[in-house]
Structure formats: structure tokens, C-alpha cells
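Novice: Sharing a structure with you now.
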Amino acid sequence: MNSDTTGRPGSEQEGAEGLAADLADDLADDLADQVRRLADRLRSLSDARLARPLPPAGSRADAAHALAQRLADDTAALAGEPARAVPRLNDLAVGDQVAVTGTDLVREIRRAAPQAARSRARAAIEAVRTLRAAL
Numbered sequence: 005m006n007s008d009t010t011g012r013p014g015s016e017q018e019g020a021e022g023l024a025a026d027l028a029d030d031l032a033d034d035l036a037d038q039v040r041r042l043a044d045r046l047r048s049l050s051d052a053r054l055a056r057p058l059p060p061a062g063s064r065a066d067a068a069h070a071l072a073q074r075l076a077d078d079t080a081a082l083a084g085e086p087a088r089a090v091p092r093l094n095d096l097a098v099g100d101q102v103a104v105t106g107t108d109l110v111r112e113i114r115r116a117a118p119q120a121a122r123s124r125a126r127a128a129i130e131a132v133r134t135l136r137a138a139l
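The opening residue of the sequence shown carries number 5 in this note's numbering; numbering runs sequentially from there.
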């Protein structure tokens, strides 16, 4: 028989669900850190650097905007809401757009069922890391 941290008996299913939720929380923490680092990097780039080519997206700013849209789409999917377009603002705004859409996704990952949250979080972490490395 399984027991929780208080020593009370619990089912193995409850233990597995708790571990799944803990993993989703750890992934949410990692995503929050990765988004913060990328947003800070984007905010530090000049408009000239943001306009530099980054194939296949077009420019660095275009790639960051595409990521912001992906993060927003993932948030909407987890929340069961329709996807909404992230407006294409001035290149210098993409750091803030990534920060906002990333923070929204982290919040939704913490609310969602652990299995759905884990797969979205892993994919988002990889996308954020990939863009940060390309900058």
C-alpha cells in the first residue's frame, strides 16, 4: 500500500497522478525560465539586429513573432478556447509578446491535466530553446 507524505494510506493511482502533476509543474517552471531568458535576449537586441535574416522565418523578429503565436495557440488549445491572432507589432515589441504569451502558457499548463500539459510544455520548451540558440 502506498502512503502520502503524511503517512496516510493512498492508492498507487493517486501517487502516479501526484508524480505526473509534479512533473508538469517542473516543466512549467523550466518553460517560465526559458521564456524569461528568451524575452530578455530579444529585448536586448536593436531593431537592426531583430531585422536580420533568420531563415526560414524571414527575420529574427518574424521568428519571435511566430513563436509568440505558437505559444498563444498552445494556451488556447489547453484552455479549450479558440485561437486568436497575436498582432504583428514593431520589431522591438517581440520580446514583450513572447514574455506575455509564454507567461499565459505557463499559467495554463499549471491548470491543465498533467498529461496534456506535459506534452505542450516539452514542445514549447524545445521551441523556445531553439529560437534562443538561433539568435
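In this text, a Cβ means the ideal position worked out from N, Cα and C, and glycines have one as well.
Just so we're clear, the structure is a prediction, and the values are computed from it rather than from any experiment.
1. Rounded to the nearest angstrom, what separates Asp-34 and Thr-134 at their Cα positions?
2. Where DSSP assigns a beta bridge to Pro-57, which residues make up the other side?
3. Distance, Cα to Cα, Arg-64 vs Leu-82?
4. Of the residues Ala-36, Ser-48, Ala-76 and Glu-130, which one's Cα is nearest the Cα of Ala-87?
5. Hey, how far is the Cα of Ala-127 from the Cα of Ala-68?
6. Is Gln-101 near Ala-131, with beta carbons less than 9 Å apart?
7. May I ask you to report which of helix, strand or coil DSSP gives Glu-85?
8. Rounded to whole angstroms, what's the CA-CA distance from Ala-36 to Ser-123? Just pull it up for me.
9. Measure from the alpha carbon of Leu-31 to the alpha carbon of each residue in Ser-50, Ala-138, Gly-99 and Ile-129, then state which is nearest.
10. In the DSSP assignment, find the unbroken alpha helix (DSSP H) run with Leu-135 in it and report its ends.
Specialist: Concretely, from the data shown:
1. If you take the alpha carbons of Asp-34 and Thr-134, they lie about 14 Å apart.
2. Ser-63, per the DSSP bridge assignment.
3. The alpha-carbon atoms of Arg-64 and Leu-82 are separated by roughly 27 Å.
4. Check the Cα spacing between Ala-87 and each of Ala-36, Ser-48, Ala-76 and Glu-130: the tightest is with Ala-76.
5. Those two C-alpha atoms are separated by around 16 Å.
6. Not closer than 9 Å, so no.
7. Three-state result, Glu-85: coil.
8. Spanning the two alpha carbons is a distance of roughly 15 Å.
9. Comparing Cα positions, the closest option is Ile-129.
10. Looking at the DSSP string, the run of the alpha helix (DSSP H) that includes Leu-135 is 118-138.
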